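Written out below as C-alpha cells is the structure these notes cover.
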Amino acid sequence: EVYDAEILDIRIPKRLFPLQDQSNTPLTLNIIDIPGISSHNENESHMVMQLARRYVPVADLVLLVGRADSLGFLNGNDLQLEALADWSKQPARFRIVLTFSFSPDSLCRLFMETELTIDSVRDVLIAEMATHDYEFPSDFRHNLYILELGDSLKALEHTNPDYCRRILDVTNQFRKKLLDTIVTGK
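The opening position of the sequence shown corresponds to residue 661 in the working numbering, with each subsequent residue numbered one higher.
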C-alpha cells in the first residue's frame, strides 16, 4: 500500500515481536525508515526533511542510527530539525544505535582480552565517543546500542572468525535488548 509520502507498508512477522504479558492485545508498531538527514542528494535531503518534520515530532520512539567513528548524527547543530536535535532531552523517545565502531583493529585487540558484557562495551564506546567534543546526557548509556564492533559481522566472519565468534554474543544481547525496549516502550 502506498500513501501520500510514498510510504510503503511492509509486514513484519508477528513472531518477531512476541507479547510479553500473553494478553493477546495486538501490538501496533509503525516503523518509518528515513534515510540520513544530511544526504548529499538534494532531492533525497528535501524528502527526508519533509518526512522528518511530519513524523519525528509525533513518534513514540526514534532510532538515531549512525557510525561510531562519525558522530555528526548526534550533534544537535548538524541534525537540522529541532525534534531530532533535542534527542538528549527526551531519552524515553530516542535510542542511539551505533554501527561501524571506530577502528576494527583497535577493537579486536581490546575486545579479545576483555570480558564482553553490554556494560563493558558501552563503557569502551562511551570513552571513545568522549574524545569528540560532544556532551552526552548522564543517562545516555542506557539508550546506547552497539550492533557492530568493527567491520560488519559478514566481513568479520571471513577476516577474523575468532573475533567474530567472540563478539557475536554481546551484539546479539544488544540487539535483543533494543528489540525489548521497542516492544515494551521502556
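For each residue, glycine too, the CB sits at the ideal point set by N, CA and C. Because the structure is a prediction, the values reported are computed rather than measured.
- Residue environment for alanine 790: exposed (fewer than 16 other C-beta atoms within 10 angstroms of its C-beta).
- If you look at leucine 839, you'll find it isn't in any beta strand (DSSP E); it sits in the alpha helix (DSSP H) that goes 821-844.
- With a threshold of 16 other beta carbon atoms within 10 Å, alanine 815 falls short and is exposed.
- Pairing alanine 743 with glycine 726, the inter-Cα distance amounts to about 17 angstroms.
- Here arginine 671 has no same chain residue with a Cβ atom under 8 angstroms from its own Cβ, once five neighbours each way along the sequence are excluded.
- In the three-state DSSP reduction, leucine 723 falls in the strand class (E or B).
- Residue pairing of leucine 804 in beta bridges, as defined by DSSP: Ile756.
- Valine 757 sits close to leucine 838, with the two beta carbons spaced by under 9 angstroms.
- Spatial neighbours of arginine 782 in its own chain (CB-CB distance under 6 angstroms, excluding positions within 5 residues in sequence) are listed in chain order as Arg801 and Leu804.
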